[in-house]
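Quick note: the sequence shown uses the UniProt record's numbering, first residue 1, plus one each step. Notes for the one structure printed next.
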Amino acid sequence: MLSQREFQSVLEARGTLILDGALATELEVRGHDLNHPLWSAKILKDDPASIEEVHLDYYLAGADVAITASYQAATLGLTEHFNMTEDEGKALIKRSVSVAQGARSKAYDSGIDSSRRLLVAGSVGPYGAYLSDGSEYRGDYVRTEKEFQDFHRPRIQALIDAGSDLLAIETIPSISEIQAILALLRSDFPDAIAWLSCTAYSAEALCDQTPWEDVLQLVEDHRDQIIGFGINCVPMAMADVTVKHLSQLTSIPLVCYPNSGEVWDAVTKTWHGERPDEGLTSEQSSANDKALALELEQWSKNGARMIAKHSPNMRYIYSQESLDIPEGVKVHIKTRQVTVEGPRGKLVKDLGHLAVAFSKPSAGKINIELHHGSRKNVATLRTVRTLINNMIIGVTKGFKYKMRYVYAHFPINVNLDKDNETGLWEVEIRNFLGEKIVRKVMMQPGVDVEASKNVKDELLLQGNSLEAVSQSAADIQQKCRVRNKDIRKFLDGLYVSERGNIEEEA
1 MLSQREFQSV LEARGTLILD GALATELEVR GHDLNHPLWS AKILKDDPAS
51 IEEVHLDYYL AGADVAITAS YQAATLGLTE HFNMTEDEGK ALIKRSVSVA
101 QGARSKAYDS GIDSSRRLLV AGSVGPYGAY LSDGSEYRGD YVRTEKEFQD
151 FHRPRIQALI DAGSDLLAIE TIPSISEIQA ILALLRSDFP DAIAWLSCTA
201 YSAEALCDQT PWEDVLQLVE DHRDQIIGFG INCVPMAMAD VTVKHLSQLT
251 SIPLVCYPNS GEVWDAVTKT WHGERPDEGL TSEQSSANDK ALALELEQWS
301 KNGARMIAKH SPNMRYIYSQ ESLDIPEGVK VHIKTRQVTV EGPRGKLVKD
351 LGHLAVAFSK PSAGKINIEL HHGSRKNVAT LRTVRTLINN MIIGVTKGFK
401 YKMRYVYAHF PINVNLDKDN ETGLWEVEIR NFLGEKIVRK VMMQPGVDVE
451 ASKNVKDELL LQGNSLEAVS QSAADIQQKC RVRNKDIRKF LDGLYVSERG
501 NIEEEA
């Protein structure tokens, strides 16, 4: 279990933590029947690999936190429906943590930066989830504090023993259950940290109609353990206004992960109503994603620091690439125009056509971020990272291409001339295939060219911009291409023989 200080360090480094969204809905999409009182806990028992796959997909899609499949897995329910002893029930709850941890390990193996800390939150659902009648959305069940605590204690103990980083106490609908859980944490699990999220009657009140002011007064007394407070499983339309209202009442980091606006039928274990992202064309889906991204930004502005979206079709929730800035290099980014300055000079690149965001968590690091992008959009992140990294290499080491003259009968002659007005180099290729015509190629700005002093029939291209150097080399090679000849047999021309840096490593 993380300490509060460790969690705050993760939150500060990330700015906003992305939660992993809808586990059960993803399982249904993949063909699993969840028409069972214990819902995803049944899949946890019968097919844990499927749950690990969902966790992994969310991690790879940009989630920072996986919420375990223990929402319905209270020992009381496991005993009733699976005929398990309490110890067997605890073992199944622990499995939910190990499954999420396994997905996390695979996510790192798949290339996620090991410096980025992925978390596992142990899900603690309300007493109403055990009742399996939808009462977690009404808050109309009444139990004593001891009954609530006896219900929650075994699961919380199992989640902590299994190594959860924190607890996700979710969908709590009543002030009495909140009070019982907070007292239990203080008495039995004083080192545990948790976020507490509730269902809402309105933007001003908990599901049992207790005003948020009264709820937060109770929560404030437990800030040594409650690291986040907010709402989940509320309609999207209610999310923003509720977060805004809560932000005026507390400085606790807010949590917001609404549903899609459908209504849960506890009898059939299904959602009813039209999903806002169902049946959309790719263009409509893209527009829907952009609208959602704006909503997420608004939640963040209103104080939400942990957010997610119930949308099984939206796989790439949040993606990020990080890049370290070496000493002696300055990177300035304004309106997606990137300027990199270093010992060898300055390079500027306009990335305004790409829908990415930039942040600078520290002086020596920049993050390239994308919310709710497609697979193609996510690939763009890696491209942007590579482009900026090449700019950094350019202003520190520069780029050098070597090109060799290849000919069978007619020796190729190359003359170099620099235009005094533009400062650009021009390459003249003569006697190619014995031709009388002169083939001329203008180099890209910032590219210097010279004949090698040590190697015969070799041309050297140098510059700070990899794009400019490589494009100049490509232009030279294309200028010598002969139509209607098989390049595998007809090799005359100028070709890149070696790529490297002007200033090699010591």
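The beta carbon of each residue, even a glycine, is placed where N, CA and C say it ideally should be. All figures in this text were calculated on a predicted structure; none of them were measured in a lab.
8 Å contact criterion, which residue i and residue j should meet: CB distance rounded
i	j	result
Glu458	Met442	With a Cβ gap of about 20 Å, Glu458 and Met442 do not count as contacting.
Val395	Arg344	5 Å
Ala74	Leu92	In fact, because the Cβ distance is near 11 Å, the residues do not count as touching under 8 Å.
Tyr137	Thr199	6 Å
Glu52	Val97	So it is not a contact: roughly 12 Å between Cβ atoms.
Leu167	Ala192	6 Å
Gln462	Lys400	5 Å
Thr171	Pro126	5 Å
Val329	Glu341	7 Å
Leu27	Ser40	6 Å
Phe229	Thr250	7 Å
Ala194	Ile227	7 Å
residue 512	Pro258	The requested residue 512 does not occur in the structure, where the chain is confined to residues 1 to 506.
Arg95	Leu44	6 Å
Check: residue i C-beta below 7 Å from any heavy atom of the ligand SAM
i	result
Val331	Absent from the structure shown: the ligand SAM. Ligands present: none.
Proximity of residue i and residue j at Cβ, strictly below 8 Å
i	j	result
Val414	Ala451	yes
Asp214	Ile175	yes
Ile392	Pro445	no
Cys256	Ala304	yes
Ala49	Tyr58	no
Ser70	Leu184	no
Lys485	Ile429	no
residue 533	Thr16	Summary: the structure shown does not reach residue 533, with the chain confined to residues 1 through 506, and so no result is reported for it.
Val496	Met403	yes
Ile156	Val120	no
Gly493	Val406	yes
Lys397	Ile476	no
Ile368	Val331	no
Pro361	Ala13	yes
Ile388	Leu433	no
Asn390	Ala355	no
Ser164	Met1	yes
Collapsed DSSP secondary structure at residue i in the structure displayed
i	result
Phe7	helix
Ala194	strand
Arg14	helix
Leu461	strand
Glu467	helix
Met391	helix
Glu503	coil
Ser176	helix
Thr171	strand
Pro48	helix
Arg104	helix
Met306	strand
Ile487	coil
Phe82	helix
Ala22	coil
Gly31	coil
Gly62	coil
Gly493	strand
Glu53	helix
Leu2	coil
Leu370	strand
Ala205	strand
Glu498	strand
Ala287	Note that Ala287 scores 48 on pLDDT, short of 50, meaning its location in the model is unreliable and no value can be drawn from it.
Leu38	coil
Arg382	helix
For residue i, the first and last residue of its enclosing beta strand (DSSP E)
i	result
Lys440	439-442
Leu254	254-257
Ala73	That residue, Ala73, is in no beta strand (DSSP E); it is neither H nor E in DSSP.
Ile67	65-67
Glu450	448-451
Ala200	200-202
Minimum Cβ-Cβ distance from residue i to chain B less than 8 Å
i	result
Leu92	Checking the listed chains, one finds no chain B in this structure; it contains a single protein chain.
Can you check the segment 117-156 for any beta strand (DSSP E) of at least 3 residues that lies completely inside it and give the ranges in chain order? 119-124
Along the chain, which unbroken stretches of the beta strand (DSSP E) at least 3 residues long are found entirely within the segment 316-368? 318-324, 330-334, 337-342, 345-350, 357-362
Which residue spans inside the segment 384-433 form an unbroken beta strand (DSSP E) run of at least 3? 399-406, 413-418, 425-430
Give the list of continuous alpha helix (DSSP H) stretches no shorter than 4 residues that lie fully inside the segment 213-259. 236-247
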